[in-house]
Ligand code: NAD
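Residue numbers (our numbering): 8 to 347.
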């Protein structure tokens, strides 16, 4: 079976989801939808993605820019089995009504509240629970990173209490209208929304999060302090558990990766379709174990970490793969993530 996919919203996440769908043997990208002409629309056309106009956009505006348009968004919806909604925060909820009218399955992103879908999704954490679902929400970049780490810690040692400080990037690289460009802004919502969001996946996890925004576009960093229920033998045992799990990349000291600038340089150098790093990034020197207490840093590439999860969410929905391991094996191979 090949599942026919539409991507609505062609920004940071949407263009990456579309490219990723194109690489899957069991998915077909039928078209992408945009509201306004832009260089991204021109690139979509160059890649051969049929372009539809959504969100009150005007076909004539695209045509005036010399862009060929396949039609209006509802015409795309008639041709597909599922739509991956990658519109800005809260717009997905509005779009949900349209998808329902078309009796279409839909995948939403982390900018929507959890009740937009039947389940919040993370491949390592709850693929099995999401099999056959009609609407899934792929949780945000930070929540995806925390949920993946939880899938390593929880089954092995249990978690008594997890405190995480999220050092958030101010903006994505292309977002010139966001800040700060000089300053550190505490988020005066405590706990930050990340902890409750992780609990949409692990309802019983005692996780407490706080966030600060810093002037960078190069990834988020989490400072995690986790009290485990059972004491690991040593730090190596914890490192091995992360290293043997898909979607983790652990840098060793000799690799000379001091922080997020070198992580992104590594992503550029290793090649692949985009200079992205979809894995959780840990450092061997940035993981410390003292009795049941584990402290570790992890860096999250906000623009790309959720992309493999969007693909796995489609597979879970249509039961294209029976379990997370088999879906992730295909996704990771086709997207060039760290090998087994
Ligand atoms: P974005 O602003 O980069 O892209 C959104 C795109 O949707 C734009 O091209 C915009 O023109 C288009 N759009 C606007 N209104 C629309 C409508 N009514 N219908 C269809 N398209 C419309 O946003 P993004 O960063 O890609 O975020 C998309 C979703 O992914 C949000 O829920 C966000 O919270 C989530 N997310 C973002 C990141 C990130 O760091 N960028 C990470 C994880 C999850």
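Just so you know, even glycine gets a beta-carbon here, dropped at the ideal spot from N, CA and C.
Here the structure is a predicted model, which means the values were calculated and not measured.
query, result
"Residue 258: first and last residue of the uninterrupted beta strand (DSSP E) it sits in", "255-258"
"Span separating the alpha-carbon of residue 335 from that of residue 220", "32 Å"
"Residue 192 to residue 239 span [Cα, whole Å]", "36 Å"
"Sequence-distant residues of its chain with Cβ nearer than 7 Å to residue 293 (five each side left out)", "303 and 304"
"heavy atom of the ligand NAD below 7 Å from residue 361 C-beta", "Lying outside 8 to 347, the shown extent of the chain, residue 361 is not represented and no answer is given."
"DSSP bridge partner residues for residue 170 (one or two, in chain order)", "215 and 232"
"Cross-strand partners of residue 307 (DSSP beta bridge)", "227"
"Beta-carbon gap between residue 312 and residue 114 smaller than 8 Å", "no"
"Assigned exposure category for residue 258 - 16 Cβ within 10 Å defines buried", "buried"
"Continuous alpha helix (DSSP H) assignments of at least 4 residues falling wholly in the stretch 20-99", "46-53, 66-71 and 80-84"
"Burial state of residue 314 (16 or more Cβ within 10 Å)", "buried"
"Span of the alpha helix (DSSP H) around residue 164", "148-164"
"Residue 45 versus residue 185: straight-line alpha-carbon distance, rounded", "19 Å"
"Heavy atom of the ligand NAD within 7 Å of residue 40 beta-carbon", "yes"
"For residue 56 and residue 39, believed in contact at Cβ under 8 Å, the rounded distance", "5 Å"
"Environment of residue 9 [buried if 16+ CB atoms lie within 10 Å]", "exposed"
"Residue 127 - partner residues in DSSP beta bridges", "144"
"Contacts around residue 207, its chain only, beta-carbon distance under 6 Å, and the 5 residues preceding and following it disregarded", "121 and 127"
"Cutoff 8 Å; reference residue 12; Cβ partners in own chain excluding five residues on either side", "28, 34, 35, 36, 37, 87, 88, 89, 90, 91 and 321"
"Pairwise C-alpha distance: residue 82 and residue 108", "13 Å"
"For residue 157 and residue 235, the rounded distance between their alpha carbons", "11 Å"
"Range of the contiguous alpha helix (DSSP H) that encloses residue 342", "331-342"
"C-beta atoms of residue 254 and residue 226 nearer than 8 Å", "no"
"Contact check, residue 143 vs residue 233, beta carbons under 8 Å", "no"
"DSSP state of residue 300 mapped onto helix, strand, coil", "strand"
"Short Cβ contact (8 Å threshold) for residue 152 with residue 237", "no"
"Buried versus exposed, by CB contacts within 10 Å (16 or more), residue 183", "exposed"
"Burial state of residue 110 (16 or more Cβ within 10 Å)", "exposed"
"Backbone CA spacing between residue 51 and residue 98 [nearest angstrom]", "22 Å"
"Run of the beta strand (DSSP E) containing residue 270, from where it starts to where it stops", "Segment 267-277 is the alpha helix (DSSP H) holding residue 270; no beta strand (DSSP E) there."
"Given residue 271 as reference, the closest of 244, 250 and 310 once Cα atoms are compared", "310"
"Nearest-angstrom beta carbon gap, residue 31 and residue 307 [assumed within contact, 8 Å]", "Actually they do not touch by this definition, with Cβ atoms about 23 Å apart."
"Buried versus exposed call for residue 135 [16 or more other C-beta atoms within 10 Å across all chains shown]", "exposed"
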